[in-house]
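J.: Heads up, the final residue of the sequence shown is numbered 210 in full-length UniProt numbering, and it's a clean run with no missing numbers.
Just so it is clear, CB atoms sit at the ideal spot from N, CA and C, and this is done for glycine as well.
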Amino acid sequence: MAQGTVYKSQTFSCSVPQTDIEKEEEKIILQQVIIFDICINFTMKMLAVSVLVVAMMALTHGVDAESGNGTDASKNGKHVVKRATCASGWSVCGGRCFRFFPTATTWSEAERACLALGANLASVHSRADNEWVWGLINNKPAWIGGSDAQQNNIWLWSDGTRVGYTNWCTGEPNNNQGRQHCLHINWDGKKCWDDVECFIRRGYICAKTP
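1) Taking 9 Å as the cut-off, decide whether the C-beta atoms of Leu-121 and Gly-145 are in contact.
2) How would you call Arg-127, buried or exposed, if buried means at least 16 neighbouring beta carbons within 10 angstroms?
3) Going by C-alpha distance, which of Ser-147, Ile-137, Thr-85 and Trp-90 is nearest His-181?
4) So, for Arg-179: in the same chain, excluding its five sequence neighbours on each side, which residues have a beta-carbon less than 6 Å away from its beta-carbon?
5) Taking Cβ positions, are Leu-183 and Trp-155 nearer each other than 9 Å?
6) Would you list the one or two residues that DSSP bridges to Ala-87?
7) Pick out the complete beta strand (DSSP E) segments inside the stretch 98-147, 3 residues or longer, and give them in chain order.
8) Tell me the DSSP bridge mates of Asp-195?
9) Less than 9 Å between the C-beta atoms of Trp-107 and Ile-200, yes or no?
10) In the DSSP assignment, find the unbroken beta strand (DSSP E) run with Ala-207 in it and report its ends.
11) Given Ser-91, which residues of its chain have a CB within under 6 Å of its CB, disregarding the five upstream and five downstream residues?
12) Can you tell me whether Glu-131 is buried or exposed? The criterion is at least 16 other CB atoms within 10 Å of its CB, across all chains shown.
13) Pull the bridge partners of Val-92 from the DSSP assignment, please.
14) Using the Cα positions of Gly-189 and Asn-139, report the straight-line distance between them to the nearest angstrom.
15) For the putative contact between Cys-169 and Asp-194, defined by C-beta atoms under 8 Å, what is the C-beta separation to the nearest angstrom?
16) Within its chain, find whatever has a CB closer than 8 Å to the CB of Lys-191; leave out the 5 residues flanking it on each side and keep chain order.
17) In chain order, what residues of the same chain have a beta carbon less than 7 Å from the beta carbon of Ala-142, not counting five sequence neighbours either side?
18) Taking its Cβ as the centre, do 16 or more other Cβ atoms sit within 10 Å of Ser-88, making it buried, or is it exposed?
19) Would you mind sorting Pro-173 into buried or exposed? The rule is 16 or more other CB atoms within 10 Å of its CB.
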C-alpha cells in the first residue's frame with residue numbers, strides 16, 4: 001500500500017426504495033389510522049353526551065315529580081316530597097294556600113265561608129306567616145283564626161293547630177269588658193294582633209293545605 005493513500009468508507013442503505021404502489025398503500029393505511037382515531041374520539045364524545053343526557057332526564061323527572069298536587073308519595077320504596085300547588089286565586093306559603101276576601105263579615109261568618117272552601121280562617125305560626133298574611137290584606141284589618149271564646153285568655157286556632165307564635169299589639173289582648181274573643185290582624189294599620197268583639201265586620205283570610 002502506497003504511503004499517503006487515504007481510503008474512504010462508504011455507507012450503504014439496506015432499505016429498498018418504495019414503489020409507487022407501496023407508497024399508495026402506506027398512504028391508505030395512514031388515512032385509515034386517522035379515520036379510526038377520529039371515530040374513537042367521536043364515539044367517546046357521544047358516550048359522554050349520552051351520559052349527560054340521561055342524567056339531565058333523571059333530574060328533569062325528579063323536578064316533575066316535585067311539581068305534582070302537593071301530597072307525599074312513596075314509589076319503589078322511595079319517599080318523594082311534592083311541591084305544594086294552589087288553585088287559582090290562592091297563594092302558597094309554607095306548604096299552605098292563602099286567600100284574602102275583602103267582603104266584611106263577622107268572625108263566625110268568615111269561618112263558615114272558609115269552611116265552605118275546604119279551609120279555615122288562617123292560623124299564623126311564625127313571623128314569616130305573619131308577614132305573608134299582612135302582605136295579602138292591602139293594609140286593612142282582617143280576621144284570622146284565633147279565638148278564646150271557649151275559655152278566656154286561652155287562645156286557639158280554628159283549624160285545631162296549637163298557638164305558639166304570637167304577635168300581639170302593645171297592651172293586647174286586653175279582652176275589653178270581657179267581650180273581645182276574636183282575633184284580627186293589622187289593628188291601627190300595624191302588623192300586630194288585637195282581640196276585638198266577634199260581631200265586628202272585617203275582611204278575612206282563609207288558609208288550607210293543598
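T.: By the coordinates alone:
1) Taking the sequence shown and counting its residues from 1, the one referred to as residue 121 is at position 121. Taking the sequence shown and counting its residues from 1, the one referred to as residue 145 is at position 145. Yes. Within cutoff.
2) Taking the first residue of the sequence shown as 1, we reach residue 127 at position 127. Looking at its Cβ environment, which holds fewer than 16 other Cβ atoms inside 10 Å, Arg-127 is exposed.
3) Taking the first residue of the sequence shown as position 1, residue 181 is located at position 181. Comparing Cα-Cα distances from His-181 to each of Ser-147, Ile-137, Thr-85 and Trp-90, the minimum goes to Ser-147.
4) Here residue 179 corresponds to residue number 179 of the sequence shown, with the count starting at 1. Glu-197, listed in sequence order.
5) The sequence position of residue 183 within the sequence shown is 183, counting from 1. The sequence position of residue 155 within the sequence shown is 155, counting from 1. Closer than 9 Å, so yes.
6) In the sequence shown, counting from the first residue as 1, residue 87 sits at position 87. For Ala-87, which the question treats as bridged, DSSP gives no partner whatsoever.
7) 142-147
8) Here residue 195 is taken as the residue at index 195 of the sequence shown, counted from 1. Looking at the DSSP assignment, Asp-195 forms a beta bridge with Leu-183.
9) The count along the sequence shown starts at 1 and reaches residue 107 at position 107. The count along the sequence shown starts at 1 and reaches residue 200 at position 200. Yes; because the gap between Cβ atoms is below 9 Å, this pair is in contact.
10) Mapped onto the sequence shown, residue 207 falls at position 207. Element bounds for Ala-207: 202-208.
11) The residue labelled residue 91 in the question sits at position 91 within the sequence shown. Contacts found: Phe-98.
12) Residue 131 sits at position 131 when you count from the first residue of the sequence shown. Burial call: exposed.
13) Within the sequence shown, the letter at position 92 stands for residue 92. The partner list for Val-92 (beta bridge, DSSP) reads Cys-97.
14) Taking the sequence shown and counting its residues from 1, one reaches residue 189 at position 189. Taking the sequence shown and counting its residues from 1, one reaches residue 139 at position 139. Looking at the two C-alpha atoms, the distance is approximately 6 Å.
15) In the sequence shown, residue 169 corresponds to position 169, counting from 1. In the sequence shown, residue 194 corresponds to position 194, counting from 1. Right, their Cβ atoms sit about 5 Å apart.
16) The sequence position of residue 191 within the sequence shown is 191, counting from 1. Taken in chain order, the residues that qualify are Asn-130, Glu-131, Trp-134, Asn-167 and Ile-185.
17) Numbered from 1 along the sequence shown, position 142 holds the residue referred to as residue 142. Contacts found: Phe-100, His-184, Ile-185, Asn-186, Arg-202, Gly-203, Tyr-204 and Ile-205.
18) Taking the first residue of the sequence shown as position 1, residue 88 is located at position 88. So Ser-88 counts as exposed.
19) Locating residue 173 in the sequence shown gives position 173, where the first residue counts as 1. By the 10 Å Cβ count, Pro-173 comes out buried.
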